[in-house]
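Let me begin by presenting the structure, written as structure tokens, before commenting on it.
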Amino acid sequence: MTAPAPAPKVASLPDGQTVLSVKHWDDRLFSFRVSRPASFRFRSGEFVMIGLMDDPNPETGKQKPILRAYSIASPFWDEELEFYSIKVQDGPLTSKLQKIQPGDQVIVKTKPTGTLVLDALLPGKRLWMLSTGTGVAPFASLMREPETYEKYEQVILTQTCRLNSELEYGVDLERRLMEDPLVGEEAREKFVRYATTTREESPRMGRITDLMKSGKLFTDLGVPKLDPTYDRIMICGSMGLNMDLKEILEAQGFTEGANSRPGEYVVERAFVD
Ligand code: A2P
1 MTAPAPAPKV
11 ASLPDGQTVL
21 SVKHWDDRLF
31 SFRVSRPASF
41 RFRSGEFVMI
51 GLMDDPNPET
61 GKQKPILRAY
71 SIASPFWDEE
81 LEFYSIKVQD
91 GPLTSKLQKI
101 QPGDQVIVKT
111 KPTGTLVLDA
121 LLPGKRLWML
131 STGTGVAPFA
141 SLMREPETYE
151 KYEQVILTQT
161 CRLNSELEYG
171 VDLERRLMED
181 PLVGEEAREK
191 FVRYATTTRE
201 ESPRMGRITD
211 LMKSGKLFTD
221 LGVPKLDPTY
231 DRIMICGSMG
241 LNMDLKEILE
251 AQGFTEGANS
261 RPGEYVVERA
271 FVD
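Okay, here's the thing in structure tokens:
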């Protein structure tokens with residue numbers, strides 16, 4: 001007689017994926033990697049709903065999933081999925097999610113969507129990816145997408161945060177990109193990261209909107225001012241930043257794109273904030 005198989009240590013959740021690693025960047029930000037469902041396909045820059053079960057209802061014992069939209073921060077060809085998250089101490093999801101450990105399960109819904117995709121932009125010369133904080137996540141995927149380098153001569157990622165520690169994930173993304181076996185060589189020629197802080201001293205300071213208006217952004221990078229003929233722009237930040245950038249771009253003749261109707265810029269809110 002054979003012994004019965006041991007029960008799994010972690011109860012399987014519907015749509016559950018296994019946490020493989022977790023990295024805490026500071027007391028407000030962390031990233032984690034989970035297993036990828038075998039049949040799951042997405043386009044770099046898209047988001048999915050992810051989450052955990054809430055605490056059991058004291059009377060019924062029932063649990064409900066708490067799901068939020070998260071951009072996938074890994075490229076489409078990666079065997080694992082990466083996510084980048086803020087920690088909100090009383091946030092319904094992130095108060096729990098920040099405690100995950102390797103071996104735990106996270107719910108990952110496999111219906112990807114979003115507008116920060118290469119297909120939503122008309123052909124152009126230079127791709128700008130403008131972000132604040134966790135808004136860098138979709139660009140973490142796009143910057144490792146081979147098509148990004150096939151379509152553009154130059155790829156510029158800007159990230160503005162209040163503090164230096166909030167830029168560390170972006171520093172690591174750039175390091176990983178430069179070593180990437182698939183796109184590293186092209187990225188070394190075409191990719192530039194431009195990071196600024198607004199509330200702590202750093203080599204580059206200021207809101208991206210102000211740096212655009214003053215022209216310092218373009219002088220620092222040695223590129224011409226924005227031109228709807230050549231420049232393509234993706235924006236992912238807070239509601240205020242997105243609105244302000246939209247206004248600046250539309251005043252210069254840029255039109256917003258969508259999956260069904262490509263344009264010169266696209267915008268999406270950084271979800272978990
Ligand atoms: P600031 O420190 O001047 O508010 P937050 O943490 O509030 O989401 O902000 C992230 C970064 O985005 C901060 O550096 C912040 O600058 C900047 N920011 C916030 N709102 C805007 C906006 N409307 N336009 C440009 N930058 C913004």
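Yeah, the sequence shown ends on 273 if you go by the UniProt record's numbering, and it's all consecutive. Glycine included, every Cβ here is placed at the ideal spot set by N, Cα and C.
(request) Starting from L97, follow its DSSP beta bridges and name the residues at the other end. (result) L97 is not bridged to any residue.
(request) Using DSSP bridges, identify the partner residues of I233. (result) Assignment of beta-bridge partners to I233 by DSSP yields W128, Y265.
(message) Are the CB atoms of P37 and V136 within a distance shorter than 8 angstroms?
(response) Taking 8 angstroms as the Cβ cut-off, V136 and P37 do not qualify as a contacting pair.
(request) May I ask whether a heavy atom of ligand 1 can be found less than 7 angstroms away from the beta carbon of S238? (result) Correct: S238 has its Cβ closer than 7 angstroms to ligand 1.
(message) Rounded to the nearest angstrom, what separates I100 and I72 at their Cα positions?
(response) Put simply, the backbone Cα of I100 is about 18 angstroms away from that of I72.
(request) On a CA-only basis, which of S202, E166, A140, Q159 is nearest L173? Give me that one, please. (result) Nearest Cα to L173 within the set S202, E166, A140, Q159: A140.
(message) With a threshold of 8 angstroms, are at least 3 pairs of Cβ atoms found where one atom belongs to the stretch 25 to 41 and the other to the stretch 64 to 71?
(response) Contact annotation: the stretch 25 to 41 does not touch the stretch 64 to 71, with fewer than three C-beta pairs closer than 8 angstroms.
(request) Given a cut-off of 8 angstroms, decide if V266 and M234 are closer than it, judged by their beta-carbon atoms. (result) Going by C-beta atoms, M234 is nearer than 8 angstroms to V266.
(message) In chain order, what are the residue ranges of uninterrupted beta strand (DSSP E) at least 3 long that sit wholly in the UniProt domain "FAD-binding FR-type" (12 to 119)?
(response) Here the runs fully enclosed are 16 to 24, 29 to 35, 47 to 53, 65 to 71, 80 to 86, 105 to 108.
(request) Determine the direct distance from the alpha carbon of I86 to that of R28, and round the result to whole angstroms. (result) Going by the C-alpha atoms only, they are around 6 angstroms apart.
(request) Please classify Y169: does DSSP put it in a helix, a strand, or coil? (result) Helix at Y169.
(request) Check the DSSP bridge columns for Y152 and list the partner residues they point to. (result) Answer is none; Y152 lacks a bridge partner.
(request) Measure from the alpha carbon of K190 to the alpha carbon of each residue in M178, G257, T94, then state which is nearest. (result) Ranking M178, G257, T94 by Cα distance to K190 puts M178 first.
(request) Taking 8 angstroms as the threshold, find out whether the stretch 120 to 133 comes into contact with the stretch 157 to 177 through three or more Cβ pairs. (result) Cβ pair count under 8 angstroms is three or more, so yes.
(request) Put R188 into one of helix, strand or coil per three-state DSSP. (result) It is helical.
(message) Taking only three categories from DSSP, how would you classify L211?
(response) Three-state DSSP puts L211 in a helix.
(message) Under 7 angstroms: does the beta carbon of L81 sit that close to some heavy atom of ligand 1?
(response) False, no ligand heavy atom lies under 7 angstroms from that Cβ.
(request) Examine ligand 2 and report whether any of its heavy atoms sits within less than 7 angstroms of the Cβ of D244. (result) Looking for ligand 2 in the displayed structure turns up nothing; the ligands present are ligand 1.
(message) Per DSSP, what are the beta-bridge partners of Y205 in this structure?
(response) It should be noted that the sequence gives Met, not Tyr, for residue 205. Bridge partners of M205: T197.
(request) Please confirm whether S21 and P102 have their CB atoms less than 8 angstroms apart. (result) A distance below 8 angstroms separates the beta carbons of S21 and P102.
(request) Figure out for me which residue from V223, T197, A270, T196 has the closest Cα to the Cα of G240. (result) With distances taken between CA atoms, G240 lies nearest to A270 out of V223, T197, A270, T196.
(message) Using the Cβ count rule (16 or more neighbours within 10 Å means buried), how would you classify S260?
(response) Exposed: under 16 other Cβ atoms inside 10 Å.
(request) Can you tell me which of L245, R175, G114 puts its alpha carbon nearest to the alpha carbon of R188? (result) Distance check between R188 and each of L245, R175, G114 places R175 closest, using alpha-carbon atoms only.
(message) Measuring alpha carbon to alpha carbon, tell me which residue in C236, K225, S238, L217 is nearest G253.
(response) If we check each option's Cα against that of G253, K225 comes out closest.
(message) Strictly by DSSP, which residues pair up with L157?
(response) Per DSSP, M129, R193.
(request) Look at the Cβ atom of Y194, then the Cβ atom of T134, and state whether they are nearer than 8 angstroms. (result) In this structure, Y194 sits away from T134, with a CB-CB distance that is not shorter than 8 angstroms.
(request) State the CB to CB distance for the pair Y230 and G114, rounded to an integer number of angstroms; the pair is presumed to be in contact (CB under 8 angstroms). (result) Wrong, their Cβ atoms sit about 24 angstroms apart, outside the cutoff.
(message) Distance check for G45 and E256, CA to CA, integer angstroms please.
(response) Near 16 angstroms, if we compare the C-alpha coordinates of G45 and E256.
(request) Helix, strand or coil for A251, going by three-state DSSP, please let me know. (result) Three-state result, A251: helix.
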